[in-house]
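As you go down the protein sequences, you meet chains A and B in turn. For the first sequence, my numbering assigns the number 1084 to the initial residue and increments by one for each residue that follows. For the second sequence, my numbering assigns the number 5 to the initial residue and increments by one for each residue that follows. The beta carbon of each residue, even a glycine, is placed where N, CA and C say it ideally should be.
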Amino acid sequence: MLVIFAISLLYMGIANRLTTYINILALQGILLFGVSLIELIQINTINLIFILFETIVFKTIVIPIFLKNVIKKNNIMRETEPFLTYFMSIVIITSIIFGSFILSNIIDVVHFRKMFFIVALSALFTGLFIIVSRKKVVTHIMGYMVIENGVFILSLSAGNKMPMLVNTGITLDIFVSILLLGVFVNRIGNTFEEMNVDNLTNLKD
Amino acid sequence: MLVYYLIIAFLIGVVSAFNRNPTVRILLLALFMAVQTTMTIYAYLHLNMEDLGYFKYDAIGVIFMGVLTLLSFTTIYHSYIYLRHRQDDSRSQSLYFAALIMLIVAMTCVYVASHIGLMWVFIELTTLSVAVLIYHERTPLALEATWKYVFVCSIGITITFIGIILLSFGVGETETINFSFTPLQVQLLHVNPSWLKLSFLFIIIGFCTKMGLFPMHTAAIDAHTVAPPPISAFISTTLMNVGFIAIFRTFSIFAHTSIHPWMSQVLLWCGLISIIVSAAYLLKVKHLKRMSAYSSIEHMGLAAIGLASGGIGYFAAILHMVLHSFVKASVFYQIDQFHRNFGTYIISETGNYFNRNRPGAMVFLLVLIGIIAMPPSGLFVTEFWIFKALFTSSHFFILFFALLFLSVTIYALAKNFLYILFNQTKDLLPAKEKTVPSETYSQYFLLALIFYFGINPPVQMINLIQEAVKNLP
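Take a look at the structure:
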């Protein structure tokens, strides 16, 4: 399943419609649900239910629907408008995955966790790459979501060591920040005609 | 005690968000300040006591809590003046003060949190509450700055979280990790150095967004430009102290491991590049608030260098942060008056401030002496100690470039401030409004503290700082 997750990252590089992005995010939510079910079945029930609830409800249902609403409300065009060609994107994402593979070999990751580590780091850097290479403000939020998914995988592999308190904090944090960013996207949509980063370059010296 | 503080502060925040009556608002703010002051005094009297399991009133936390409480008084006072002059409607004033209360509470909790996860959560809370305040003026420019600030800080805080998880990897599969600072320090002693380096890098990069150090300094600058001036004062003082305290705690849990020299190198370079970046931008900056923001970055760079060079540098870095908070707060409060006088922040459109508003101009003159660390100012003492620490730890290369670029910043700051104060070559529009001299008293008070601390620092303060740094190698 982690491999499918990595492939979905690659697909994100070539997808050219915003709805595809949202569908990929929902798919990643389902994948994370599966992974955490397999991984964490032995930890205590409340924590498990909480994590499963988070992946299914937040990552798969609430946030994609929320993003769809944002897009519909602001009449955003469907294309993602990357700065680079799709071919370059896929080359860069492939090299990101390859690079995190090498990094995990350089510092000795415990063997059984290696896959998690690679996929999580790839998701992190792919998210950052999507943020810097796409023009639309909404795609920035999606890139942020990809980063959050990477963090989730990483914390899964830390497994039952994560205390409940911190876990709650993270969920709240993700939820609130997505909400807040969404609100600001709406504001940006109302204030400027086009929701491009080109509008956000007035602050400079 | 902390639980009562949190409950009362939360209630005050909620009530003030929905309150529309100006008299009730003042009463609520007074009540909140009373609670905040009581909490600070309680923390000082119960040094090193644990509270609620995840908080501890340790020395460094109490120092910055004191600074925060002192600056809260002045910030609320100047916010009140600012809002009165803008004639905002009651609703947005309520929102402003509710967010301000939330920000103060979140920062207090960051200062005394003894658990790295909890500290992380409260740092995120500071980002969210300050975002509301930055967006207060509701202009497209404010929107842009808030968007950038929230986005960069969210990503920074996520990167920090990755660092924390990597730390738990490093500790190992079998052992359960305890994320409180004191046990964590012991657990890290036998962790593989490459894990430590990786997680240290991630954690530091994340916290740099808050402190305004080199790789992530841009967000804070833009936020300064558009935020209301009293809030800029908070962003550049107490919120940067939040970043500093986070980096300080991270540094001290890693300090006993084998990567200590490497870690110092990283911080030294972060600090040096911050100074270089701020020097470069100060030479071409046109906007008064951006100028002050870049000057903050320079001082953060100095504090990071002090922390990294060890010895007396630890002591100097903390004192430097405290004094810098006072001087930077007073300059931003004065900028609010300045803006009401000229109607602009652009330096080249102003001048002759000395004849237009003499009390305010005196504040700028004293700030100039304070900020470029001329001898009676306390910053002179701390900067001298920082350079001494660099010298004794034989980082001559860093020392040379830090001094070189520091003189560039001194030149740029002096040039711009003196232009504002004394340039009489231009015909300017008459002053928009007459400023009341009594509004400057709080700024004089803060400036007096800087000079007083430079000449004769109080014993309690010295003891607290020594207590804070005694565990560092």
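Check, Outcome
"Boundaries of the alpha helix (DSSP H) in which I1105/A is found, first to last residue", "1101 to 1122"
"DSSP state of K140/B mapped onto helix, strand, coil", "First, the amino acid is wrong: residue 140/B is His here, not Lys. Correct three-state label for H140/B: helix."
"Neighbouring residues, chain B, relative to I1190/A (Cβ below 8 Å)", "N196, S198, W199, L202"
"Within 8 Å, strictly: CB atoms of C157/B and T131/B", "yes"
"Distance cut-off 7 Å: L432/B Cβ against heavy atoms of the ligand ZN", "With respect to the ligand ZN, the structure shown offers nothing to examine, as it has no ligands at all."
"The stretch 151 to 162 of chain B: positions lying closer than 8 Å to chain A by Cβ", "W151, K152, V154, F155, S158, I159, I161, T162"
"Contact with chain A by F165/B, beta-carbon distance below 8 Å", "yes"
"Closer than 9 Å at the beta carbon, the chain A residues around L104/B", "Result: empty, since nearest Cβ-Cβ is about 18 Å, beyond 9 Å."
"Alpha carbon of M215/B to alpha carbon of V246/B, nearest angstrom", "7 Å"
"Interface residues of chain B facing Y1227/A [CB-CB closer than 9 Å]", "F155, S158, I159, T162"
"H140/B burial status per 10 Å Cβ neighbour count (16 or more: buried)", "buried"
"DSSP-derived helix/strand/coil call for P234/B", "helix"
"Where L122/B falls, given that 16 or more other Cβ within 10 Å makes a residue buried", "buried"
"Start-to-end residues for the alpha helix (DSSP H) that takes in K214/B", "197 to 215"
"Neighbourhood of V1118/A by C-beta distance below 6 Å, restricted to the same chain and skipping five residues each side", "M1084"
"Best match in S313/B, I459/B, S329/B for proximity to K392/B [C-alpha to C-alpha]", "S313/B"
"Length of the line joining the Cα atoms of K521/B and M106/B", "Since the first residue of chain B shown is 5 and the last is 477, residue 521/B is not available in this structure."
"Sub-8 Å separation of A227/B and I239/B beta-carbons", "yes"
"I159/B to K1219/A span [Cα, whole Å]", "17 Å"
"Sequence ranges, alpha helix (DSSP H) only - wholly within the stretch 1167 to 1199 of chain A, length at least 4", "1169 to 1189"
"Where R1217/A meets chain C, residues with beta-carbon distance less than 7 Å", "Chain labels in this structure do not include chain C; the protein chains are A and B."
"Nearest-angstrom Cα separation, counted from I108/B out to I373/B", "29 Å"
"Cutoff 8 Å: E1137/A Cβ touching any chain B Cβ", "no"
"Cross-strand partners of D93/B (DSSP beta bridge)", "None, per the DSSP bridge assignment."
"S397/B (DSSP reduced to helix, strand or coil)", "coil"
"In DSSP terms, what P1165/A is bridged to", "R1217/A"
"In DSSP terms, what D55/B is bridged to", "F59/B"
"Helix, strand or coil at H264/B [DSSP, three-state]", "helix"
"Helix, strand or coil at H291/B according to DSSP, with G and I counted as helix", "strand"
"Contact list for I1146/A against chain B, beta-carbon separation under 8 Å", "In chain order: nothing, as chain B lies at least about 14 Å away."
"For L450/B and L1296/A, the rounded distance between their alpha carbons", "Absent from the model: residue 1296/A. The displayed extent of chain A is 1084 to 1288, so no value can be given."
"Within chain B, the residues that V1234/A reaches when beta carbons sit closer than 8 Å", "T162, F165, I166, I169"
"Alpha-carbon spacing of V7/B relative to G65/B, whole angstroms", "17 Å"
"Alpha helix (DSSP H) runs wholly inside the stretch 315 to 364 of chain B, at least 4 long, in chain order", "316 to 346, 357 to 360"
"Three-state class that DSSP yields for S381/B in the structure shown", "coil"
"Segment limits, alpha helix (DSSP H) that includes Y27/B", "Reading off the sequence, residue 27/B comes out as Thr, not Tyr. Note, T27/B: alpha helix (DSSP H), 26 to 49."
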